[in-house]
Each structure stands twice: as C-alpha cells, then as structure tokens.
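Residue 9 is where the sequence shown starts when you use this note's numbering, and the numbers rise one by one after that.
The C-beta atom is built at its ideal place from N, Cα and C for all residues, glycine as well.
Below is one structure, written out as structure tokens, with a few remarks after it.
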Amino acid sequence: MELNKSLPNQLKLFNFAKKEISLSGLYQICDFPKISEIASNKRDNIKVDLSFYLKNNKTPCVDGIIELDIVLECQKCLDDLSIALKVNFNLVFVKHDQQSEEPDSHYEIYVIEEDELATHDLISDEILLSIPMVPAHDYDCIKDINKQEIVEEKSENPFAILKKLK
Ligand SMILES: [Zn+2]
C-alpha cells in the first residue's frame with residue numbers, strides 16, 4: 009500500500025484501486041472554476057485525501073475526505089456566510105454502459121465514461137454536492153439588519169439632543 013503520494017491530474021481508477029493507493033492533495037478554491045464562481049475566499053485551501061480499492065475484486069471504489077472553509081453569499085441578507093465543509097464520501101465507479109451492481113447504500117454511484125477521471129472534476133463535483141442549495145445564516149439575519157438600521161438612525165441625530173439641552 010502506497011501512502012500520501014500527491015494527487016495527479018488524472019486518476020487511473022482501476023490501476024489505483026488494484027494497488028490500493030492513497031493520495032493527498034492541497035488545492036486552492038480558485039483552482040476550481042465552478043466553486044470559485046460562488047465563493048468569495050478564492051485563495052483559501054482545499055485539502056483532499058483519496059483512498060482507492062477494489063470491491064469484489066473488480067469494481068474500483070474510493071473513500072475520500074475533502075476539507076475546506078468556504079465563504080458564500082447568504083441568500084437572505086446577502087452578507088458573507090462562512091461554512092466549514094468536511095465532505096466524506098464513498099464512491100463506486102461504474103461505466104455508463106455497465107449494469108450497475110447490486111444496490112449498496114454505503115456507496116454513491118459515480119458514472120464514468122473512461123477508466124480515467126480528471127481529479128479536478130471529482131473534487132469539484134463532491135464539493136458542489138455538499139454545498140447547501142440555498143445558503144443562508146441559521147439565525148434571523150434580516151431581522152438583525154433592520155435592528156441595526158434603527159439604532160443608527162437614532163444615534164445619528166445629535167442635533168435633537170442639543171436642542172433639548174438649550
Ligand atoms: Zn444572512
């Protein structure tokens with residue numbers, strides 16, 4: 009078993025799985041155009057660990073962990089929303105023309121065209137799947153904005169106080 013080699017651009021699925029290879033990689037959010045489009049912290053790191061193995065001696069699988077902090081736009085208040093993502097996944101790779109194996113809830117099926125897969129595509133897909141469809145603060149952020157505005161309006165009126173003093 010080979011450990012902690014760095015991730016190549018292409019994953020040779022069957023080959024890696026047969027060797028039970030484990031690979032790690034460190035990327036930046038800006039390396040992934042689809043993620044970069046929605047994240048404002050484009051220079052922050054993405055840590056990736058992938059471990060390949062064969063299931064039933066023939067089907068390539070991967071256990072993976074992707075870790076990143078991502079800053080999205082809250083869909084309620086449009087302010088920054090920071091989320092710490094830790095994506096754990098277990099994939100079984102199935103060719104599009106292949107009969108899928110017996111259902112196994114432990115795995116997600118990842119349909120592939122070739123025996124090779126672009127590392128960036130896999131990482132990008134898994135991150136996008138784990139991002140909430142409608143990112144939003146888990147508290148009533150709009151209500152807080154309204155409160156703030158009211159407080160500011162009141163304090164921005166020093167002349168009223170001066171008049172009272174006279
Ligand atoms: Zn918000």
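Taking the Cβ atom as the reference point for each residue, do residue i and residue j lie within a distance shorter than 8 Å?
| i | j | result |
| --- | --- | --- |
| L93 | E75 | yes |
| L21 | D87 | no |
| V70 | S138 | no |
| V102 | K63 | no |
| G33 | L19 | no |
| H128 | K84 | no |
| D77 | D52 | yes |
| S44 | I37 | yes |
| A126 | N17 | yes |
Could you check where the beta strand (DSSP E) with residue i kicks off and where it finishes?
| i | result |
| --- | --- |
| P143 | Here P143 belongs to no beta strand (DSSP E), and DSSP marks it neither H nor E. |
| E134 | First-last for E134: T127 to S138, but that is the alpha helix (DSSP H), not the beta strand (DSSP E). |
| I54 | N53 to K63 |
| L31 | S30 to Q36 |
| L118 | In the sequence as presented, Leu is not what sits at residue 118; that position holds Tyr. Per DSSP, Y118 belongs to the beta strand (DSSP E) from E116 to I120. |
Going by DSSP in three states, residue i sits in which element: helix, strand or coil?
| i | result |
| --- | --- |
| C85 | coil |
| K66 | coil |
| K94 | strand |
| K151 | helix |
| L80 | strand |
| D112 | coil |
| L15 | coil |
| D71 | strand |
Could you give the residue range of the alpha helix (DSSP H) that holds residue i?
| i | result |
| --- | --- |
| K42 | P41 to S44 |
| N23 | L21 to K27 |
Whole-angstrom Cβ separation of residue i and residue j, contact assumed at under 8 Å?
| i | j | result |
| --- | --- | --- |
| L80 | I46 | 6 Å |
| F8 | S132 | With the chain represented from 9 up to 174, any question about residue 8 goes unanswered, as that position is not in the structure. |
| K116 | N98 | Reading off the sequence, residue 116 comes out as Glu, not Lys. Right, the Cβ-Cβ distance comes to about 7 Å (below 8 Å), so this counts as a contact. |
From the DSSP secondary-structure annotation, give me the bridge partner or partners of residue i.
| i | result |
| --- | --- |
| S48 | In the DSSP output, where bridge partners are listed per residue, S48 has none listed. |
| Q106 | Per DSSP, none; premise fails for Q106. |
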